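Here the structure is laid out as structure tokens; the discussion comes afterwards.
Protein chains in written order, with our numbering: chain R, 1 to 586; chain A, 1001 to 1586.
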């Protein structure tokens, strides 16, 4: 018993020590509280009212000074405009407000991010970035910041048409329609990427021989099919002739490329037929096949087969397809205005399969084929300009409450301008007069008012404006107007003094209007998309941040070709709004 | 030893228990941390860009989901727009930002306030309040919300002139000048207070007898001075005649009023002389004396003597003075544009002292004397209207960079309008034709452009506007325009169809312009003070919150006399901006 007592006495001593240590530890941890913010915040004094507006009572309330004691960290009810209560935190005289409230209230952005091994919170006033204007803008150079655009990946692009080679929009109608603005932007973005990106590696799989036995691909020809190398008199080169019943497996060319996904080949069909490409995908390594079929069907999906109609192709043409886009648009196929989201990606291009009767040549795979996309857009614009010089937009467009609907067949100054920018570039590359001629004819709608299917509006009887949407009443959409001006600039610079005279006059009058009217789009903390508030007597239609940065990008471009100070000043101020800057108040 | 062991074993047991208890306590306290905010914040999705502005990359960054563990409370660096770092607090996925940063960044307001026994934080988006529009506005009713104005207390009012009975402004020049807008507002605020406040108690100290021996004050007449009651034939009443050398103590009337501070008396001087009022003040109970002297000096301060010149006063007139204002303007006297701040207040009116030779009658003290102030303003306007119908403003006014200076002698549509509102009210009370005649003549400058010393501007060749500041180029100040319209309304309503025809036409054309141009002043989150941004190509001159609420108060007033929906809609939206509301973005 005594031993036990002695033993337990020792044990108790150890226990005591341990508990004391634990107490000390807990005490220390409990006291480790964050430092208080440095002193009370400054009081932004409200300036004394001018005679005109003498509200005498109100003064900005200030924060009481911090007490001498160490600040406690505690929850505090924060009453917002006497309307709602959010839970904040308080340490002495400093109050902390939760970002989850703040981001909704002020429409700002933030996230916890990794930095230097630790975490930090990154707050941003806006989500959109302005591009640096490199060199002065040129009509044969990069178009604004379009090298960063990926038109075909937008979910309102249903797919790239196999027949036309250009995107089909579903923005204002799920049925899909060819939207000249989207098509021009598709062309201009690829034109710009071509200037800013390195030339791609091109893997050649089949050239049907160079006469020395080189350039033949690894073909598999099943029973009942034939594949021969023949001389094509029109092209002065050997080509592969294939003949396979539709019911057969088809002749198949081994590709096995796991790096790049732009396939290109020359094709001439003698009957109905198809060229299909078999893809290994990220979707549990499933195989998907994209079929390019001699029909006019736009796009279809059956299980893991995706179909694009490419027309009859009864004479030679080159088909260049982005297999990534074709796969994703097929898997995401939908009857709505937006392509369904999908994570699927191609992993490997396994092989090409041809059926029916026809000829193939120059089968290649590369990372990009920007000029093919650019010329697809340029030639679509050539083919689809009407007798009035316009690209009629075959969808109903209702800009908003208070505006009459634009019925299918309306023209857009933005479409006309972006088409000019595209066509002028095609002309500079090819010197084909058709491109310049189309661009010159595209000025015609600029001279007619909306009632006569033109795109011209006049602000307050004084300032000529070119309407992205020639609504009644006029809407004065800013970004579309500036794109129209850029198109006119491209054209007048390219066409020369005589041919380009009309474009020059339209450009100069438009620039005058722009310089005079820019302030009407400035809210002091952002920009306004159009002037519907003035035309309809409503609230201003504020531009969201990506339109705001578009405005800035456009002004930067215009400022590089016109040294009026207004451009530099507005760019500077409008940029500052992206970081929370504001115009002064009185 | 064994006993000790046994004893210490017991002691150790107790110690162990105590330490265990302490550990438990500390553990519990340590764990009592503030609750985390409910889940991760919502992600405001950025809508997909329209064709016109297809920035493809940016998406609003979101917050990562909260981890399953109990959130720790810790400091976190918050990087603001990649520009500065502030110390925030973090609990799990919620981040708290310090209000000391937030108030400067967003220009908002907040303070810790007592409520229900505890403390809470009160956040406000703006510091200015809108007044409720009571009944529909009437030309003989309260003027807008002016019953809340205290013109004379503004620090840009040097003092109330003893000669003129109206305020003298130092807003744009420390020398001081009579500013018709300030004078009209002084009149209109007192007119409005007279309608909204209870009639004051009036303490009568001297009426020089009613013939029955009543109404005589408690006078002290030192040696060498005389004081007698005499009959005044022009006034048909007894009055006090006094005669005292300037070097004497003067005859003195006991007042001893600790409640009210507006003194009033009828005075006629036969020589140079003065009436002084001795005040006990809050300044260590020091005595200050306010001297009303037969000179034209504006104001002077020597030690604890304050001097106001009141002119010769050689015929009967009533002098009504707010001793609180007179004391504070004297003590705060300064050579700058603003009266110095002072905490001094009168505590008790001890006595009145008269020197020189003259007559006194009807000495009273009351809490207010609004009609005296109103008529002082109205009669000043009558006396000071010039042959062109205007009240020339005798100070140089430079509205801002880009505008020519207005040279002394310029007219203001706001001054003309506020004078109309004042004069029409004086006419309705007195039926004196002079008041109406002056108001009618005041329309003349509305018909002339700035180059001809008029106040009319025309916006874009279309909309007539009445300029608070008839600058070159035009400035289109909104609040001044609306005050001018209210004046024209008051006049056309009061003058009747025939006499008021001109005012009616001016009013109607102005209202048309207002309805058309209001949207140009709307930023989607506040309002713009004027249109200088459009006229000069600069940043918008944002209206601070008290001008914003003035705009709203004016629109509410106009909406009560014109049922066009635009007024109700704009009032509703502009009110919402005070609580952080915003117009929609696209």
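Every residue, glycine too, gets a C-beta built ideally from N, C-alpha and C. Computed from a predicted model, the values in this text were never measured in an experiment.
Query                                                                                                                                       : Result
Length-filtered (3 minimum) beta strand (DSSP E) runs lying within the segment 179-244 of chain R                                           : 202-206, 226-232 and 237-244
Neighbourhood of residue 1250/A by C-beta distance below 6 angstroms, restricted to the same chain and skipping five residues each side     : 1244, 1353, 1354 and 1355
Range covered by the beta strand (DSSP E) that runs through residue 254/R                                                                   : 251-257
Within-9 angstroms CB hit, residue 1520/A to chain R                                                                                        : yes
Selection from 1458/A, 1287/A and 1229/A that minimises the alpha carbon distance to residue 1256/A                                         : 1287/A
CB contact check: residue 90/R to chain A, cutoff 9 angstroms                                                                               : yes
The segment 1075-1082 of chain A contacting the segment 1093-1107 of chain A, beta-carbon criterion three pairs below 8 angstroms           : yes
Rounded straight-line distance, which links the Cα of residue 1397/A to that of residue 1419/A                                              : 20 angstroms
Close Cβ partners of residue 293/R (< 6 angstroms) along its chain, the five nearest in sequence each way excluded                          : 274, 307 and 309
Min CB distance residue 1573/A to chain R below 9 angstroms                                                                                 : yes
Validate contact between the segment 1392-1409 of chain A and the segment 1530-1538 of chain A using beta carbons, cut 8 angstroms, 3 pairs : yes
Cutoff 9 angstroms: residue 1507/A Cβ touching any chain R Cβ                                                                               : no
Rounded straight-line distance, which links the Cα of residue 1144/A to that of residue 1135/A                                              : 11 angstroms
Residue 247/R - DSSP class collapsed to helix/strand/coil                                                                                   : coil
Sequence-distant residues of the same chain with beta carbon closer than 8 angstroms to residue 1304/A, five excluded per side              : 1286, 1287, 1288 and 1289
For residue 366/R, the nearest candidate out of 447/R, 197/R, 264/R and 472/R (CA to CA)                                                    : 264/R
Cross-chain neighbours of residue 242/R in chain A, by beta carbon under 7 angstroms                                                        : The contacting residues do not exist; residue 242/R stays about 39 angstroms from chain A at best.
Residue 228/R beta carbon less than 9 angstroms from that of residue 241/R                                                                  : yes
Against chain R: residues of the segment 1217-1240 of chain A by CB proximity under 8 angstroms                                             : none
Selection from 360/R, 132/R, 441/R and 129/R that minimises the alpha carbon distance to residue 270/R                                      : 360/R
Same chain only: Cβ atoms within 8 angstroms of residue 962/A, ignoring 5 sequence neighbours per side                                      : No information on residue 962/A is available, as it lies outside the stretch 1001 to 1586 that chain A covers here.
Spatial neighbours of residue 1163/A in its chain, beta-carbon cut-off 7 angstroms, leaving aside the 5 residues before and after           : 1296, 1309, 1310 and 1311
Chain-order list of residues whose beta-carbon lies under 6 angstroms from that of residue 579/R (same chain, five-residue window excluded) : 125
Nearest-angstrom beta carbon gap, residue 1346/A and residue 1281/A [assumed within contact, 8 angstroms]                                   : 6 angstroms
Which listed residue (1362/A, 1092/A, 1335/A and 1152/A) has its alpha carbon closest to that of residue 1324/A                             : 1152/A
Short CB-CB distance (under 9 angstroms) between residue 471/R and chain A                                                                  : no
Contacts of residue 523/R in chain A (Cβ-Cβ under 8 angstroms)                                                                              : 1523, 1524, 1525 and 1540
Closer than 8 angstroms: residue 236/R CB and nearest the ligand NAD heavy atom                                                             : By its list of ligands, the structure shown contains no ligand whatsoever, and the ligand NAD lies outside what it can speak to.
Between the CA atoms of residue 1414/A and residue 1235/A - distance to the nearest angstrom                                                : 39 angstroms
Partner residues on chain R for residue 1190/A, Cβ-Cβ distance less than 7 angstroms                                                        : Here the premise fails: no neighbours, minimum Cβ distance about 14 angstroms.
Three-pair Cβ contact test at 8 angstroms for the segment 372-385 of chain R versus the segment 174-183 of chain R                          : yes
Endpoints, the alpha helix (DSSP H) within which residue 1501/A is located                                                                  : 1501-1517
Rounded separation between residue 358/R and residue 494/R - CA only                                                                        : 42 angstroms
Buried or exposed (CB count within 10 angstroms, at least 16 for buried), residue 93/R                                                      : buried
Under 9 angstroms between C-beta atoms of residue 444/R and residue 526/R                                                                   : no
Classification of residue 1335/A by the beta-carbon crowding that lies within 10 angstroms, buried from 16 upward                           : exposed
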